[in-house]
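One structure below.
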Amino acid sequence: MTSILANSDKCIRCGLCLTQCPVIFTTARESFPGPKTIAGDLPRPSHEFTVNEDIIFYCTICGACAEICPADIPVDLITREIRRALIETGRIAVTLRDALESAFKHGNPWGGIRSKRSEWAEGLGVKDISKGENAELLYFVGCTPSYDTRVQEVARSLVKIFKAAELDFGILGNEERCCGEPVNWIGEEGLFEELAEKNIELFNKHGIKKIVTTSPHCYMTFKEDYPSIAEKLGMEFEIGVKHYTQLLSELLQQGRLTFSKKVDALVTYQDPCSLGRRSKVFDEPRDVLRAIPGLELAEMERTREESYCCGGGGGRIFLETEVLERLSIERVKEAARLKPDVLVTACPFCLLKFDDAVKVAGKDIEVKDVAELAAEALG
Ligand code: SF4
Ligand code: SF4
-19 MTSILANSDK CIRCGLCLTQ CPVIFTTARE SFPGPKTIAG DLPRPSHEFT
31 VNEDIIFYCT ICGACAEICP ADIPVDLITR EIRRALIETG RIAVTLRDAL
81 ESAFKHGNPW GGIRSKRSEW AEGLGVKDIS KGENAELLYF VGCTPSYDTR
131 VQEVARSLVK IFKAAELDFG ILGNEERCCG EPVNWIGEEG LFEELAEKNI
181 ELFNKHGIKK IVTTSPHCYM TFKEDYPSIA EKLGMEFEIG VKHYTQLLSE
231 LLQQGRLTFS KKVDALVTYQ DPCSLGRRSK VFDEPRDVLR AIPGLELAEM
281 ERTREESYCC GGGGGRIFLE TEVLERLSIE RVKEAARLKP DVLVTACPFC
331 LLKFDDAVKV AGKDIEVKDV AELAAEALG
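Just so we're aligned, residue -19 is where the sequence shown starts under this note's numbering, counting upward by one.
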């Protein structure tokens, strides 16, 4: 812990991060300490923080502060250290505690029943690797696309696309469990490592060598966090991981996937923080959208590295307060200035946040995932 928090000494109090933070933008300054305070001005040691426990969970881990910080201060990692210290002392919002408990008991943070995890795939003829079927590629569905009825549409769209491209793929059925991303960023380090260990064991048991994910949060976690956990635990993790937009972009380039049906729509694309700013995947989702005949892509003012967070990351999707809804509403209003038919994204959390926000903001805009538009274009 000390080494991460030692970064605080590098803060030159320039305040540049305050100009980028979406929570500062939508929340009263006195309600959120802000990246500058998190990075440099928060009282130490960790157990004597004066911040209210909910407030430190307002940070979405969007990475916008770290992107602009001239001192390269990893505010996201500092935030996580503070959360870890708070959790150790039992100071955590009830909804977050429920999400952690569910991840521990049921292998997903949504309270979903384990035996129903793969119900969304019934009748689709998808191979179930957990039942002994072999496949070259593991489609790691993720918790939200498995259990949320809206996001299940994205998983079904991906199955349709993978089949059209004749991929040899399968799922882990009811054996799939949370990658641990929200658990990790909420700050429950022990549970995150436990989930990662069980997942690595499962991947190795089934000889998984390639994974494609629905969610950029799973993608980022497998890519960034699992190798070091595997090393720490003396386990093997030799797996190539892709977000589905990367895979679709490749398939299009290779001519293994073509879109034959027109989708006449003006769309604008939300770079999910975990896919864009944090994983540097900016072009591939746009490649997929531009390959769809009839579709026109318009860019919002704040885009790519400067994209504005939907408010669902860092475990915040499980924190219920009115303050937190303001981020997605602010972004929907920005999108609405382009008068698009569709606000499109490539992340389950963005999809859920924007679905709600268009209703609250009273905007007549459809919210879709890149995968849904791509599946429509298959005909
Ligand atoms: S990571 Fe994002 S939400 Fe969190 S403090 Fe930095 S800019 Fe604000
Ligand atoms: S941008 Fe970096 S150096 Fe400047 S106040 Fe924020 S955390 Fe400190």
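Every residue gets a Cβ at the ideal spot worked out from N, C-alpha and C, and that includes glycine. If you're wondering where the values come from, they're calculated on a predicted model, not measured in any experiment.
Check, Outcome
"Who pairs with Leu323 in a beta bridge, going by DSSP?", "Thr248 and Val347"
"Could you give the DSSP three-state label for Pro23: helix, strand or coil?", "In this prediction, Pro23 scores a pLDDT of 49, lower than 50, which makes its location untrustworthy; the coordinate-derived value is nonetheless stated afterwards. If DSSP states are grouped into helix, strand and coil, Pro23 belongs with coil."
"In this structure, how does DSSP classify Lys185 when only helix, strand and coil are distinguished?", "helix"
"Spatial neighbours of Thr201 within its chain, please: CB distance less than 6 Å, with the 5 preceding and 5 following residues excluded, ordered by chain position.", "Cys159 and Glu161"
"Please state whether DSSP places Gly14 in a helix, a strand or coil.", "helix"
"Out of Arg(-7), Leu138, Phe172 and Glu218, which one is the CA nearest neighbour of Gly295?", "Phe172"
"Where do the N-terminal and C-terminal ends of the alpha helix (DSSP H) with Leu117 fall, by residue?", "Run containing Leu117: none in the alpha helix (DSSP H); it sits in the beta strand (DSSP E), Leu117 to Phe120."
"Rounded to a whole number of angstroms, what is the C-alpha to C-alpha distance between Arg365 and Ser126?", "Outside the modelled stretch of the chain, which goes from -19 to 359, sits residue 365, for which no answer is possible."
"What first and last residue would you give for the alpha helix (DSSP H) that runs through Val221?", "Not the alpha helix (DSSP H): Val221 falls in the beta strand (DSSP E), residues Gly220 to His223."
"In chain order, what residues of the same chain have a beta carbon less than 8 Å from the beta carbon of Val139, not counting five sequence neighbours either side?", "Ala101, Leu104, Val106 and Tyr119"
"Name the two residues that bound the continuous alpha helix (DSSP H) containing Ala278.", "No alpha helix (DSSP H) contains Ala278, which is instead part of the beta strand (DSSP E) from Leu275 to Ala278."
"Considering only the alpha carbon of each residue, which of Thr248, Ala354 and Ser259 lies closest to Leu323?", "Thr248"
"Go through its chain and collect everything with a Cβ distance to Gly359's Cβ below 7 Å, but skip five positions before and after it.", "Ser240 and Lys241"
"Check each candidate in Asp251, Phe334 and Glu181 and name the one with the smallest Cα separation from Ile219.", "Glu181"
"My output table needs one value for Gly364: the three-state DSSP class, helix, strand or coil.", "This structure does not reach residue 364, given that the chain is present from -19 up to 359, and the question cannot be answered."
"Assuming Glu216 contacts Ala210 (C-beta within less than 8 Å), just tell me the rounded distance between them.", "7 Å"
"To which residues of the same chain is Glu169 closer than 7 Å at the C-beta, ignoring the five residues directly before and after it?", "Arg64"
"State the DSSP-derived secondary structure class of Ile209, mapped to helix, strand or coil.", "helix"
"Once the 5 residues before and after Gly91 are set aside, which same chain residues still bring their CB inside 6 Å of it?", "Ser82"
"Is Lys43 close to ligand 1? I mean its beta-carbon at under 7 Å from any heavy atom of the ligand.", "Sequence inspection shows Gly at residue 43; the Lys mentioned does not correspond to that position. Correct: Gly43 has its Cβ closer than 7 Å to ligand 1."
"Touching or not, the segment 264 to 275 and the segment 220 to 232, by the rule of three or more beta carbon pairs under 8 Å?", "yes"
"What do you reckon, is the C-beta of Leu57 under 7 Å from a heavy atom of ligand 2?", "no"
"State the beta-bridge partners of Lys190 as determined by DSSP.", "Gly220"
"For Gln0, is the beta carbon positioned less than 7 Å from some heavy atom of ligand 1?", "yes"
"Relative to ligand 1, is the shortest distance from any of its heavy atoms to the C-beta of Thr193 smaller than 7 Å?", "no"
"So is the beta-carbon of Cys(-3) under 7 Å away from any non-hydrogen atom of ligand 1?", "yes"
"Which whole-angstrom value describes the C-beta separation of Leu331 and Asp344, a residue pair presumed to lie in contact below a C-beta threshold of 8 Å?", "Between Asp344 and Leu331 the Cβ distance is about 18 Å, and since that is not below 8 Å, they are no contact."
"Quick check: what's the CA-CA separation for Pro23 versus Gly14?", "Unreliable positioning characterises Pro23 in this predicted model, as indicated by a pLDDT of 49, which lies under 50. A coordinate reading is not provided."
"Counting C-beta neighbours from all protein chains within 10 Å, is the total for Gln250 16 or more, i.e. buried, or is it exposed?", "buried"
"Return the chain-ordered list of same chain residues with a C-beta closer than 7 Å to the C-beta of Trp165, the five sequence neighbours on each side being excluded.", "Ile41, Arg60, Gly294 and Gly295"
"For a test of your reading of the model: does the CB of Arg266 fall under 7 Å from any non-hydrogen atom of ligand 2? Yes or no.", "no"
"Quick one: Cα of Ile151 to Cα of Leu76, how far?", "28 Å"
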